[in-house]
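> The structure is given below, and queries will be raised subsequently.
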Amino acid sequence: MSKNLTTRAEDYSKWYNELVVKADLAENSGVRGCMVIKPYGYAIWEKMQAQLDKMFKETGHQNAYFPLFIPKSYFSKEASHVDGFAKECAVVTHYRLKASEDGKSVVVDESAKLEEELIVRPTSETIIWDTYRKWIQSYRDLPLLINQWANVVRWEMRTRLFLRTAEFLWQEGHTAHATKQEAIEEAEKMMQVYADFVQNFMAIPVIKGTKTASERFAGALETYCIEALMQDGKALQAGTSHYLGQNFAKAFDVKFANKEGKQDYVWATSWGVSTRLIGALIMTHSDDNGLVLPPNLAPIQVVIVPIFKNEEQLEAINQKVAEIQKALQQRNISVKYDNRDTQKPGWKFNEYELKGVPLRIAIGPKDLENGTVELARRDTLTKEVIAVDAIVDRIGHLLDEIQTTLFQKAKNFRDSHITLVDDYTNFKELLETKGGFLAAHWDGTPETEEAIKQETKATIRCIPIGNTPENGLCIYSGKPSAQRVLFAKAY
2 MSKNLTTRAE DYSKWYNELV VKADLAENSG VRGCMVIKPY GYAIWEKMQA
52 QLDKMFKETG HQNAYFPLFI PKSYFSKEAS HVDGFAKECA VVTHYRLKAS
102 EDGKSVVVDE SAKLEEELIV RPTSETIIWD TYRKWIQSYR DLPLLINQWA
152 NVVRWEMRTR LFLRTAEFLW QEGHTAHATK QEAIEEAEKM MQVYADFVQN
202 FMAIPVIKGT KTASERFAGA LETYCIEALM QDGKALQAGT SHYLGQNFAK
252 AFDVKFANKE GKQDYVWATS WGVSTRLIGA LIMTHSDDNG LVLPPNLAPI
302 QVVIVPIFKN EEQLEAINQK VAEIQKALQQ RNISVKYDNR DTQKPGWKFN
352 EYELKGVPLR IAIGPKDLEN GTVELARRDT LTKEVIAVDA IVDRIGHLLD
402 EIQTTLFQKA KNFRDSHITL VDDYTNFKEL LETKGGFLAA HWDGTPETEE
452 AIKQETKATI RCIPIGNTPE NGLCIYSGKP SAQRVLFAKA Y
């Protein structure tokens, strides 16, 4: 199995696109801008989904489901929200097809026009807050902590598998609270949940921060985010959590009787991550040989490949492998035994290297005689010979070590690509030569932010939380600034 991947140094974008397809994660579909997520790619998403769902439920959230279609009039109720999504909306105008006059095709039945157009869900705030009006009457109904696993449609012009597609999978949390403080605490808590997941399961270090006013979610008063850095020096927003104030409650008239018996509008949050996290996973860890997956999210953590010349040898190997498999599964380690006789061991080694399986065991007749196996690590491409009796403990240790090593490697790269910069000429040079996060002073005005974006394509990724105040001068305008923010080119 020849990988023939373009190298990252040669063309990072081409390397990524080829890897997604060749590793059997996803492919383009017959619908412009939409992807087919293949079983191996979906297995990664399922592991992400399972862990996130567990974390949401541990923090008191419940799952529900809301309609895919949203009446157009709902989007008119929150002005800033509709402005943010108007250019990306897919609109349903008719509800029936009919045969063409020549009978050779189907056409839209013009008599079946909807009285009101329906928007295919780009995000669910409007339909959910219309529903919450019926669910919330009193402070006893609060907090309302709801999450939805769903697909959304945003009509993107330039698409790339996982990173930006017209339809993608995600979760979206929508919560209602009795006080402003509770809502802010919820938004901050969910940012922390995302950070814990991305760092501890995806092995990706993140910077927690808030967005500038121009980069906030449409309709939010504050957007909290986690920002990651890819190997090409570009940033990727890995998750966002939004404090919505009372904007949506007022737009959809969601009131409650507080403890004093007075009517008040509820306070809201929303938060979400999507299948673009798979793109982040690929671009953070993978190499020129293919995927590198952190053990905590790898669909297959260990693959066993037999090396044999005849059925007798295979039968003996099968018996030993059955013992190893059982012992690994008892440790909740996912293991695959690939004893197909249609492909040679070398082909299989290549395949599982391309697919990023963290550990590979090779076992042949001589190994049976010696009571050993060959164990290969995907992250370092190193091999060792180990006694069969010690294999389970060794694998458990190595999986933990690989998870830690991948995080530390990514963190070292990220930290070495955070550069303090005080000069605009230097700022522009660093964006082109080094990339990464540029920590620079900004005067706080949207005009300066937009000017830098237009001239360099770099955006303010976040205002880091916990930053020590530091007086300085804006790199662009020379006006006073109270702290540094992080600029970067981004996906």
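This note's numbering runs 1 ahead of the 1-based position in the sequence shown.
Every residue, glycine too, gets a C-beta built ideally from N, C-alpha and C.
#1: Under the DSSP definition of a beta bridge, which residues are partnered with A27?
#2: Locate the alpha helix (DSSP H) running through L282, then write down its first and last residues.
#3: Measure the alpha-carbon distance for T166 versus W156 and round it to whole angstroms.
#4: Quick check: the Cα distance between F202 and W46, rounded to an integer number of angstroms?
#5: Per the DSSP calculation, H442 is bridged to which residue(s)?
#6: Could you pull out every residue in the same chain whose Cβ sits closer than 8 Å to the Cβ of A452, ignoring the five residues on either side in sequence?
#7: Determine the DSSP secondary structure at P295, reduced to helix, strand or coil.
#8: Could you say which of Q247, T132, E118 lies nearest to A179 if we only look at CA atoms?
#9: What residue from A459, M192, Q331 has the CA that sits closest to Y244's CA?
#10: Between the Cα of P359 and those of N319, E324, R332, D401, spot the shortest distance and give me the residue it belongs to.
#11: Which class does H62 belong to by DSSP, given the choice of helix, strand or coil?
#12: May I have a chain-ordered list of the alpha helix (DSSP H) segments no shorter than 4 residues that lie completely inside the stretch 422-477?
#13: Among V267, S215, D142, which residue has its Cα nearest to the Cα of D84?
#14: What is the residue span of the beta strand (DSSP E) that G372 lies within?
#15: Who does W348 pair with in a DSSP beta bridge?
#16: Can you list, in chain order, the residues of its chain whose CB lies under 7 Å from that of M49, leaving out five sequence neighbours each side?
#17: Pull up the CB-CB distance for L329 and V322, whole angstroms please, since I reckon it's below 8 Å.
#18: Look at A177 and L230 and say whether their C-beta atoms are less than 8 Å apart.
#19: Terminal residues of the continuous beta strand (DSSP E) containing L145?
#20: Which partner residues does K209 have in the DSSP bridge list?
#21: Under a three-way DSSP split, which group does V389 fall into?
#22: Just list the alpha helix (DSSP H) runs in the stretch 307-349, keeping only unbroken ones of 4 residues or longer that don't cross its boundaries, in chain order.
#23: Check G273 in the structure and name its three-state DSSP category.
#24: Just to confirm my understanding: we take W150, look at its own chain, exclude 5 residues before and 5 after, and list those with CB closer than 6 Å. What are they?
#25: Look at the alpha carbon of D368 and the alpha carbon of L399, and state the distance between them as a whole number of angstroms.
#26: Tell me the residue span of the beta strand (DSSP E) that contains F76.
#27: Around the Cβ of M284, are there at least 16 other Cβ atoms within 10 angstroms (buried) or fewer (exposed)?
#28: Quick check on the DSSP output: the alpha helix (DSSP H) that includes G85 runs from which residue to which?
#29: Can you list, in chain order, the residues of its chain whose CB lies under 6 Å from that of K480, leaving out five sequence neighbours each side?
#30: Near Y353, which residues of its chain fall below 6 Å by C-beta distance, leaving aside the five closest residues on each side in sequence?
#31: What residue from S242, Y225, Y195 has the CA that sits closest to K55's CA?
#32: Look at the Cβ atom of H175, then the Cβ atom of S271, and state whether they are nearer than 8 Å.
#33: Look up V121 in the DSSP assignment and say whether it is helix, strand or coil.
#34: Indicate whether G291 and G357 have their beta-carbon atoms separated by less than 8 Å.
#35: Cα separation between P447 and S101?
#36: Give the range of the beta strand (DSSP E) segment to which I364 is assigned.
Per the coordinate set shown:
#1: I38
#2: 277-286
#3: Within the model, the alpha-carbon separation for T166 versus W156 is close to 8 Å.
#4: Looking at the two C-alpha atoms, the distance is approximately 12 Å.
#5: R485
#6: Y477
#7: coil
#8: Q247
#9: M192
#10: D401
#11: coil
#12: If we require 4 residues or more, the alpha helix (DSSP H) runs fully inside the stretch 422-477 come out as 425-434, 447-457.
#13: Nearest C-alpha to D84 among V267, S215, D142: S215.
#14: It is not in any beta strand (DSSP E) - G372 carries neither H nor E in the DSSP assignment.
#15: W348 pairs with nothing; no bridge assigned.
#16: L278, L298
#17: Going by Cβ atoms, the distance from L329 to V322 rounds to 10 Å, so no, they are not a contact pair.
#18: no
#19: 145-154
#20: I227
#21: It is helical.
#22: 312-331
#23: strand
#24: Q172
#25: 20 Å
#26: First-last for F76: 73-76, but that is the alpha helix (DSSP H), not the beta strand (DSSP E).
#27: buried
#28: 80-86
#29: D444
#30: V304, R361
#31: Y195
#32: yes
#33: When DSSP states are grouped into helix, strand and coil, V121 belongs to the strand group.
#34: Yes, they are a contact pair.
#35: 53 Å
#36: 360-364
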